[in-house]
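Numbering (our numbering), first residue to last: 4 to 222. Where a beta carbon is used, it is the ideal one built from N, C-alpha and C, also for glycine. Just so it is clear, the structure is predicted and the values come from calculations on it, not from any experiment. Data first, discussion second: the structure below is written as structure tokens.
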């Protein structure tokens with residue numbers, strides 16, 4: 004089974020030194036704000052956890068992305084990984100990622116096996132330091148969306164992430180006074196950029212180090 008083979012190889016690979024900034028920076032908006040990679044001195048930073056959740060779907064492996072609801076905030080309406088702010092009851096940011104994945108898209112925490120973490124990333128716009136977690140479930144979940152937070156779900160095939168033809172870039176006005184050069188992934192016509200794209204690019208860097216028959220990951 005492709006998922007089992009992938010998990011076996013990923014387990015070993017993410018124990019090695021992570022790509023970190025070298026993996027993230029390829030999808031960072033340009034010019035790059037150095038604070039993204041030098042945040043240890045920052046105070047009053049909010050902590051968050053997000054989840055890359057792998058699951059089998061027939062003969063392919065997928066992970067979910069979601070479109071956030073419109074709300075008064077910097078990430079309104081964006082495409083993101085499941086996740087959110089650490090709460091007092093969360094033992095750590097892995098627990099945050101599992102809890103938020105359960106609350107937002109309905110995947111029971113007990114069904115998720117944790118493989119490990121990627122590198123932390125600082126998001127200036129919302130003053131969040133985010134820890135991405137990689138987890139998996141043995142069967143395709145029955146997704147149940149919390150429509151207060153999530154408009155819809157996108158199921159992305161892993162070989163869509165590893166296909167360089169899905170990477171683009173463009174000039175974009177991110178604020179009335181700020182225009183940046185934005186690298187992004189295009190999945191199903193959806194623009195995935197910013198922190199989510201940077202996290203996925205570090206994951207992609209790790210996937211590209213694994214000897215696995217990607218041709219078997221798609222129909």
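Exposed or buried, residue i, counting other C-beta atoms within 10 Å across all chains shown (16 or more means buried)?
| i | result |
| --- | --- |
| residue 181 | exposed |
| residue 172 | exposed |
| residue 210 | buried |
| residue 102 | buried |
| residue 144 | buried |
| residue 105 | buried |
| residue 163 | buried |
| residue 154 | exposed |
| residue 89 | buried |
| residue 115 | buried |
| residue 61 | exposed |
Cutting at 7 Å between CB atoms, please list the residues of its own chain near residue i, excluding the five before and the five after it.
| i | result |
| --- | --- |
| residue 198 | 124, 126, 133 |
| residue 152 | 71, 72, 107 |
| residue 212 | 16 |
| residue 204 | 26, 27, 29, 30 |
| residue 166 | none |
| residue 36 | 127 |
Quick one: what's got a C-beta closer than 6 Å to residue i's C-beta in the same chain, skipping five residues either side?
| i | result |
| --- | --- |
| residue 33 | 184 |
| residue 194 | 187 |
| residue 131 | 49, 51 |
| residue 82 | 68, 70, 193, 195 |
How would you write the range of the alpha helix (DSSP H) that residue i sits in, first residue to last?
| i | result |
| --- | --- |
| residue 108 | 96-108 |
| residue 204 | 197-210 |
| residue 30 | Taken as a continuous stretch (DSSP letters only), residue 30 belongs to no alpha helix (DSSP H), as it is neither H nor E. |
Within a Cβ cutoff of 8 Å, which residues of the same chain sit near residue i, ignoring the five residues on either side of it in sequence?
| i | result |
| --- | --- |
| residue 64 | 5, 6, 9, 57, 58, 160, 161, 220 |
| residue 97 | 52, 117, 120, 134, 136 |
CB of residue i to nearest heavy atom of the ligand PLP: below 6 Å?
| i | result |
| --- | --- |
| residue 21 | In the structure shown, the ligand PLP is absent, as is every other ligand, since no ligand is present at all. |
Measure the CB-CB distance between residue i and residue j and report whether it falls below 7 Å.
| i | j | result |
| --- | --- | --- |
| residue 122 | residue 13 | no |
| residue 111 | residue 53 | no |
| residue 191 | residue 157 | yes |
| residue 137 | residue 113 | no |
Could you check where the beta strand (DSSP E) with residue i kicks off and where it finishes?
| i | result |
| --- | --- |
| residue 162 | Run containing residue 162: none in the beta strand (DSSP E); it sits in the alpha helix (DSSP H), 161-165. |
| residue 60 | 49-60 |
| residue 5 | Careful: residue 5 lies outside any beta strand (DSSP E), inside the alpha helix (DSSP H) at 5-16. |
| residue 41 | Element bounds for residue 41: n/a, residue is neither H nor E. |
Sequence ranges, alpha helix (DSSP H) only - wholly within the stretch 136-197, length at least 4 | 161-165
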